[in-house]
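Student: Pasting a structure here, questions to come.
In full-length UniProt numbering, the protein residues as written are 1 to 350.
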């Protein structure tokens, strides 16, 4: 019984309801894609979610063919809500024209009946559970569906998601202001800032829109103005690439490999840059295998050892810019700093 209650609580904490204003800001960029299309919101309780509301209120404006929504009901059977036409003949198509149909199951997006609806749909738009993001995107790719969905930017570093990005099968949309979204979840205790206070509202940093629909932003050049300097752009010790901490500091004249932060993907233009790999073991081949002693955040030796910095990129420690070293070479005593998740890229135009 305790396990069921814990699971229920976990599932509830995975339900984030998106604000209507955030949905409007993003989807305004995709209007031409929705004409005569069937839109499926397959992780949306129409009574709580604003995705169904947005499409219902803009059914005629977007010239939709059909709108369908389903959601997961952990307590039993669920239902689908759909809008096709002006049923009540009031000259408008909106929420009053929605038809409710019971489902045989609980509305899980992986269920056979939800997959059947997916197969009949053209575009999927929703906020799926972050914990199931890999599986969710894999399903959309398997069934060759167009989509605009919300996910955390950390998903970029998932092996499966990164491969899709590298192959230009998925990219980032326009995004949330400051890469942070305000969502409704009454099961969380940490609320948004005072200016945005609302019951159950939380602020989630690092969220973004993921899509495979063409958008203008995707082909806008990142303006580069910095020039390469080996002192400003140190090379990694275990991979032939320079380290870049901030996307806007990518040098305009460097023709080799560069390690950039994950946030670079918000500015990524496939016509301007080539994505090489993730800067982690298993994605690239490291060039050395030094035995190192791990140093904690307080700068103290721990007596614990690792090889090749736990499989991450690292560079020589620079006390002028690095807070504390991460490792000490057991043979030479040299100090090194490990680098947080990087994407290895190359400028196509040099």
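Think of the CB as a built atom: it goes at the ideal place given N, C-alpha and C, for glycine as much as any other residue. Bear in mind the structure is a predicted one, so any value in this text is a computation, not a measurement.
Mind checking residue 225: buried by the 16 CB within 10 Å criterion, or exposed?
Tutor: As a working note, residue 225 is residue 225 in the chain shown. Exposed, by the Cβ-count rule.
Student: Please work out which residues of its chain come closer than 7 Å, Cβ to Cβ, to residue 220, disregarding the five sequence neighbours upstream and downstream, and give them in chain order.
Tutor: Here residue 220 corresponds to residue number 220 of the chain shown, with the count starting at 1. These residues qualify, in order along the chain: 269.
Student: Between residue 145 and the rest of its own chain, which residues show a CB-CB distance below 6 Å, the 5 nearest in sequence each way excluded?
Tutor: Counting from one through the chain shown, the residue named residue 145 turns up at place 145. Only 124 meet the Cβ criterion.
Student: Mapping the DSSP letters down to three states, classify residue 162 as helix, strand or coil.
Tutor: The residue given as residue 162 occupies position 162 in the chain shown. Helix, per DSSP.
Student: Thinking just about the alpha-carbon of each residue, which of 341, 102, 174, 259 is nearest to the one in residue 69?
Tutor: Locating residue 69 in the chain shown gives position 69, counting from the first residue. Of the listed residues, the one whose Cα sits closest to residue 69 is 102.
Student: Give the secondary structure of residue 303 by DSSP, where H, G and I count as helix, E and B as strand, and everything else as coil.
Tutor: Position 303 of the chain shown, counted from the start, is the residue given in the question as residue 303. Three-state DSSP puts residue 303 in a strand.
Student: Quick check on residue 126: does DSSP put it in helix, strand or coil?
Tutor: For the purposes of this step, residue 126 is identified with residue 126 of the chain shown, where counting begins at 1. It is a strand residue.
Student: Below 8 Å on the Cβ atoms is my contact criterion, and I expect residue 143 with residue 164 to pass it. Report the Cβ-Cβ distance as a whole number of Å.
Tutor: Walking along the chain shown from the start, residue 143 turns up at place 143. Walking along the chain shown from the start, residue 164 turns up at place 164. 14 Å between Cβ atoms; not a contact.
Student: Would you check if there are 3 or more beta carbon pairs closer than 8 Å linking the segment 285-295 to the segment 231-240?
Tutor: yes
Student: At the level of alpha carbons, what is the spacing between residue 116 and residue 162?
Tutor: For the purposes of this step, residue 116 is taken as the residue at position 116 of the chain shown. For the purposes of this step, residue 162 is taken as the residue at position 162 of the chain shown. Going by the C-alpha atoms only, they are around 28 Å apart.
Student: With a threshold of 16 other CB atoms inside 10 Å of the CB of residue 93, please say whether the residue is buried or exposed.
Tutor: Taking the chain shown and counting its residues from 1, the one referred to as residue 93 is at position 93. Its Cβ being crowded by 16 or more others within 10 Å, residue 93 is buried.
Student: Given this structure, state the Cα-to-Cα distance separating residue 229 from residue 277, to the nearest angstrom.
Tutor: Mapped onto the chain shown, residue 229 falls at position 229. Mapped onto the chain shown, residue 277 falls at position 277. Computed Cα separation, rounded: 23 Å.
Student: For residue 277, name the three-state secondary structure that DSSP assigns.
Tutor: The sequence position of residue 277 within the chain shown is 277, counting from 1. Residue state, collapsed to three classes: strand.
Student: Ordered along the chain, which non-local residues of its own chain (more than five positions away) have a Cβ less than 8 Å from that of residue 331?
Tutor: One-based indexing of the chain shown puts residue 331 at position 331. 290, 291.
Student: For residue 148, which residues does DSSP report across the bridge?
Tutor: Translated into the one-based positions of the chain shown, residue 148 becomes position 148. Answer is 125, 211.
Student: Would you mind sorting residue 350 into buried or exposed? The rule is 16 or more other CB atoms within 10 Å of its CB.
Tutor: To locate residue 350, count along the chain shown from 1; it is residue 350. Answer is exposed; the Cβ neighbour count stays below 16.
Student: Comparing alpha-carbon positions, which option in 328, 260, 212 lies nearest residue 140?
Tutor: Along the chain shown, read from residue 1 onward, the residue named residue 140 stands at position 140. The shortest Cα separation from residue 140 among 328, 260, 212 belongs to 212.
Student: Indicate whether the contact test is met: 3 or more Cβ pairs, each with one atom in the segment 148-163 and one in the segment 65-83, closer than 8 Å.
Tutor: no
Student: Would residue 307 be called buried (16 or more neighbouring beta carbons within 10 Å of its own) or exposed?
Tutor: Taking the chain shown and counting its residues from 1, one reaches residue 307 at position 307. Classification for residue 307: exposed.
Student: From the DSSP output, in three-state form, read off residue 288 for me.
Tutor: Translated into positions along the chain shown, residue 288 becomes position 288. In the three-state reduction of the DSSP assignment, residue 288 falls in the coil class, being assigned neither a helical nor a strand state.
Student: With H, G and I counted as helix, E and B as strand and the rest as coil, what does DSSP make of residue 89?
Tutor: For this step, residue 89 is matched to residue 89 along the chain shown. Three-state result, residue 89: coil.
Student: Let me know if residue 301 comes out buried or exposed under the rule of 16 or more other beta-carbons within 10 Å of its beta-carbon.
Tutor: What you label residue 301 is simply residue 301 of the chain shown in a count that begins at 1. Answer is exposed; the Cβ neighbour count stays below 16.
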